[in-house]
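Number of protein chains: 2
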Amino acid sequence: MTISDVSKKYGISQDTLRYYEKIGVIPPVNRNESGLRDYTEEDCGWVELAACMRSAGLPLDALTEYVRLSREGDTTIPERRQLLLEQKERLMIQLKAIQETLERLDYKISRYDKAMETGRLVWD
Amino acid sequence: MTISDVSKKYGISQDTLRYYEKIGVIPPVNRNESGLRDYTEEDCGWVELAACMRSAGLPLDALTEYVRLSREGDTTIPERRQLLLEQKERLMIQLKAIQETLERLDYKISRYDKAMETGRLVWD
DNA sequence: ATAACATCTGGAGTTCACTCTAAGTCAAGA
DNA sequence: TCTTGACTTAGAGTGAACTCCAGATGTTAT
Numbered sequence: 124m125t126i127s128d129v130s131k132k133y134g135i136s137q138d139t140l141r142y143y144e145k146i147g148v149i150p151p152v153n154r155n156e157s158g159l160r161d162y163t164e165e166d167c168g169w170v171e172l173a174a175c176m177r178s179a180g181l182p183l184d185a186l187t188e189y190v191r192l193s194r195e196g197d198t199t200i201p202e203r204r205q206l207l208l209e210q211k212e213r214l215m216i217q218l219k220a221i222q223e224t225l226e227r228l229d230y231k232i233s234r235y236d237k238a239m240e241t242g243r244l245v246w247d
Numbered sequence: 124m125t126i127s128d129v130s131k132k133y134g135i136s137q138d139t140l141r142y143y144e145k146i147g148v149i150p151p152v153n154r155n156e157s158g159l160r161d162y163t164e165e166d167c168g169w170v171e172l173a174a175c176m177r178s179a180g181l182p183l184d185a186l187t188e189y190v191r192l193s194r195e196g197d198t199t200i201p202e203r204r205q206l207l208l209e210q211k212e213r214l215m216i217q218l219k220a221i222q223e224t225l226e227r228l229d230y231k232i233s234r235y236d237k238a239m240e241t242g243r244l245v246w247d
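As you go down the protein sequences, you meet chains A and B in turn.
Mapping of the first sequence onto this note's numbering: residues 124 to 247, in sequence order.
Mapping of the second sequence onto this note's numbering: residues 124 to 247, in sequence order.
Okay, structure coming up:
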């Protein structure tokens with residue numbers, strides 16, 4: 124797969140794909156005879172993982188570290204597990220913040236719905 | 124309340140409080156005779172709102188716009204309602220991304236738990 | 001009165017995550 | 001063969017959200 128294909132498939136710009144590879148968010152991508160990137164299934168798997176994790180807001184350095192450890196072999200399994208646990212913790216906190224804010228937005232919106240009828244908003 | 128008190132109460136640095144006021148994320152704060160900020164209950168309410176919305180990841184310009192509209196009076200009620208609806212949409216999308224990523228992390232962690240026993244990880 | 005500390009402003013600096021640019025290489029079609 | 005278009009690199013630029021700094025002013029304790 125060319126970089127253009129992968130870019131379209133995962134909705135990540137070509138610049139960003141090259142950037143992710145450069146800083147190690149994904150491992151080095153397979154190249155064809157003339158040095159152009161030719162993404163294997165495995166390369167795509169890493170891109171897909173990065174896309175998923177980034178969509179949830181995981182920082183690039185956590186992903187870079189995970190890839191670095193993965194490439195070091197089975198001895199880093201405990202470290203990788205720990206890294207995933209820490210990121211899970213962070214996401215659970217973020218999830219809670221979003222849920223609370225959504226409840227608050229719903230409440231405010233319901234008051235705005237009422238205000239749309241009366242033309243005035245009480246104790247904002 | 125002094126800026127130091129508000130900073131501690133909401134876990135926002137003094138620099139950030141001044142920055143939020145400068146760019147309009149919160150309305151101008153009450154001052155004492157010598158020009159120092161003296162946050163009223165209402166000022167604190169705006170700080171608390173900003174803290175909540177920022178914790179969920181709302182962008183500063185959305186908050187600034189909301190404050191600007193609020194200060195313009197009841198004629199902006201429909202616009203403010205629309206702004207809140209848009210931000211709610213964004214948060215629901217983000218919520219979904221986080222939930223999906225959490226499920227994926229749980230799955231990966233469970234495989235790492237198994238790998239901790241055997242010392243090796245199968246199809247990562 | 002003086003020292004020590006808090007707050008003020010304007011503006012510069014930092015971090016993160018891209019995003020763009022320039023200059024070069026390569027492959028395919030007219 | 002020439003041109004067009006996709007790809008390459010290194011490195012500069014951008015936008016968001018802070019964060020820090022310098023120099024001035026204000027407040028509190030001894």
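Virtual Cβ for every residue (Gly too), placed ideally from N, Cα, C.
- Residue contact with chain B for residue 187 of chain A: absent (no Cβ-Cβ distance below 8 Å to any residue of chain B).
- The beta-carbon distance between residue 149 of chain A and residue 235 of chain B, rounded to whole angstroms, is 20 Å. This is too long to meet the 8 Å contact definition.
- DSSP places residue 190 of chain B inside the alpha helix (DSSP H), whose first and last residues are 183-193.
- The beta carbon of residue 124 of chain B sits closer than 6 Å to those of 162, all from its chain and outside the five residues before and after it, given in chain order.
- For residue 159 of chain B, there is no enclosing alpha helix (DSSP H), as DSSP gives it neither H nor E.
- The straight-line gap separating the alpha-carbon atoms of residue 140 of chain A and residue 184 of chain A is approximately 15 Å.
- Taken through DSSP and simplified to helix, strand or coil, residue 228 of chain B comes out as helix.
- For residue 170 of chain B, the secondary structure class from DSSP, reduced to helix, strand or coil, is helix.
- The Cβ-Cβ distance between residue 133 of chain A and residue 174 of chain A falls below 8 Å.
- Residue 191 of chain A and residue 147 of chain A have their alpha carbons spaced roughly 7 Å apart.
- Taking residue 169 of chain B as reference, the option from B/157, B/153, B/159, B/158 with the minimal CA-CA separation is B/153.
- Around residue 132 of chain A, no beta-carbon contact reaches into chain B at under 7 Å, the shortest distance being about 18 Å.
- Taking a contact as a CB-CB distance under 8 Å, the pair residue 232 of chain B and residue 219 of chain A does not count as one, their CB atoms being some 19 Å apart.
- Contact note: residue 220 of chain B reaches chain A through 178, 179, using a C-beta cutoff of 7 Å and chain order.
- In this structure, the alpha-carbon of residue 156 of chain A lies about 32 Å from that of residue 244 of chain B.
- Of all residues in the segment 228-239 of chain A, only 228, 229, 231, 232, 235, 236, 238, 239 come within less than 8 Å of chain B when Cβ atoms are compared, listed by chain position.
- Comparing C-alpha distances from residue 135 of chain B to each of B/165, B/160, B/177 shows the shortest one belongs to B/177.
- Taking the C-beta atoms as reference points, residue 214 of chain B is found no nearer than 8 Å to residue 189 of chain B.
- In this structure, the alpha-carbon of residue 203 of chain B lies about 15 Å from that of residue 241 of chain A.
- Distances from the CA of residue 187 of chain B to each of B/127, B/160, B/144, B/129 were compared; the closest alpha carbon is that of B/144.
- In the same chain as residue 158 of chain B, and ignoring 5 residues on each side of it, no C-beta atom comes closer than 6 Å to its own.
- CA-CA distance, residue 182 of chain B to residue 228 of chain B, rounds to 27 Å.
- Contact annotation for residue 175 of chain A against chain B: 220, 223, 224, 227 [CB-CB distance below 9 Å, chain order].
- Listed by position along chain A, the residues whose Cβ is nearer than 7 Å to that of residue 201 of chain B are 239.
- Secondary structure note for residue 245 of chain B: it is in no alpha helix (DSSP H), with a DSSP letter that is neither H nor E.
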